[in-house]
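Peer 1: With numbering that gives the first Met the number 0 applied, the sequence shown covers 0 to 133.
By construction, the Cβ of each residue, glycine as well, lies at the ideal position given by its N, Cα and C atoms.
Before I ask anything, let me first share the structure, which is written out below as structure tokens.
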Amino acid sequence: MENDYIMKLVNCSQEYWEFVRRLRNDERVADGFIETEKITKSMQINYMRNQAQNYRVAILNGSALGYVGVIDDDFRICTHPDFQGKGVAKFMINESLKIWPNAFARVKISNVKSLKLFKTLGFKEKYIILTRDI
Ligand SMILES: CC(C)(COP(=O)(O)OP(=O)(O)OC[C@H]1O[C@@H](n2cnc3c(N)ncnc32)[C@H](O)[C@@H]1OP(=O)(O)O)[C@@H](O)C(=O)NCCC(=O)NCCS
């Protein structure tokens, strides 16, 4: 169907929970995240039972390309490495802002791609979080 070739942001129904978990655990994206704990299948089921309503998945032609979540207005976002650099994250953020207009992002200073992504979309640096290495 023609419509299948248009990117869509869909609810994170149970069929996508494993996609989100695998992507979240993927070594190729681990550097981008503040927390890098490996997520087991049962952890994911418990988590998604409560939080799936705060997540969306970007779909094109039946394939999942990435996910976005907004919890307490705080973004979490990831595009599968096979589909990065094609505007997927930009699409997910713009669509998410229609649902969560006050959402913000906590981004690692080393995550140049993500900083550029949010700044391109008009986000500005407001705070710096200082932590100790322990
Ligand atoms: C950051 C991330 C979500 C970007 O996803 P993406 O789908 O590739 O991003 P897009 O294609 O929508 O790119 C949007 C903007 O991001 C920036 N960007 C994306 N890839 C980039 C790269 N390789 N280098 C520099 N900037 C980049 C650019 O500003 C780009 O806009 P432009 O194409 O107009 O220059 C993706 O790299 C990712 O999943 N990283 C791992 C997880 C992560 O870091 N999540 C964010 C935690 S806050």
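Tell me, please, which residues DSSP counts as bridged to residue 86.
Peer 2: Residue 86 is not bridged to any residue.
Peer 1: Who are the near neighbours of residue 134 in its chain, counting only those whose CB is closer than 8 angstroms to its CB and skipping five residues on each side?
Peer 2: In this structure the chain extends from 0 to 133, so residue 134 is not present and cannot be described.
Peer 1: Runs of 4 residues minimum, wholly inside the region 28-59: which ones carry the alpha helix (DSSP H) assignment?
Peer 2: For the region 28-59, whole alpha helix (DSSP H) runs of length 4 or above, ordered along the chain, are 40-50.
Peer 1: Which of the three DSSP states is assigned to residue 9 in this structure?
Peer 2: Residue 9 falls in the strand class under three-state DSSP.
Peer 1: Using C-beta distances below 6 angstroms, list every residue in its chain close to residue 29, excluding the 5 sequence neighbours before and after it, in chain order.
Peer 2: Cβ within range, chain order: 35.
Peer 1: Quick one: is residue 120 buried, meaning 16 or more other Cβ sit within 10 Å of its Cβ, or exposed?
Peer 2: So residue 120 ends up on the exposed side.
Peer 1: Are residue 31 and residue 110 touching if we call contact CB-CB under 8 angstroms?
Peer 2: Taking 8 angstroms as the Cβ cut-off, residue 31 and residue 110 qualify as a contacting pair.
Peer 1: Quick check on this structure: which residue in 22, 104 and 97 has the alpha carbon closest to the alpha carbon of residue 83?
Peer 2: Of the candidates 22, 104 and 97, the one whose C-alpha sits nearest the C-alpha of residue 83 is 22.
Peer 1: Helix, strand or coil: how does DSSP classify residue 131 here?
Peer 2: The answer is coil: DSSP assigns residue 131 none of H, G, I, E or B.
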